[in-house]
Amino acid sequence: MAKMFEAIKINNTLMNYVVQEHQLFRTWLIEEFCLAMRVNPPPINPAPLVPEFPELDKDSSSDNSSHADPQ
1 MAKMFEAIKI NNTLMNYVVQ EHQLFRTWLI EEFCLAMRVN PPPINPAPLV
51 PEFPELDKDS SSDNSSHADP Q
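Note that full-length UniProt numbering has the sequence shown beginning at 1, numbered continuously upward.
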């Protein structure tokens, strides 16, 4: 279970990076490229909020608990 949470956290970190990189590109496009080429900038498209992934509590483990079958 811990490996799954670690993989999701890595994926979330990558998603945060991609969103920040895209916003950096849009800023350059609007402030530099569009002004230099004298074209209209693209419409404003705010970045989506990517929530932080909660930390896994390593002290409590469900490995020793009984597993219920999903219904």
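Every residue gets a Cβ at the ideal spot worked out from N, C-alpha and C, and that includes glycine.
These figures come from a predicted structure and were not determined experimentally.
Note that the C-beta distance between Val39 and Val19 is not below 8 Å. Distance from Leu56 to Ala2 at the Cβ level is roughly 6 Å; contact confirmed, criterion being Cβ atoms closer than 8 Å. Going by DSSP, Asn11 is part of the alpha helix (DSSP H) stretching over 2-28. Close CB contacts of Arg26 within its chain, under the 8 Å cut and outside five residues either way in sequence, are with Pro42, Asn45 (chain order).
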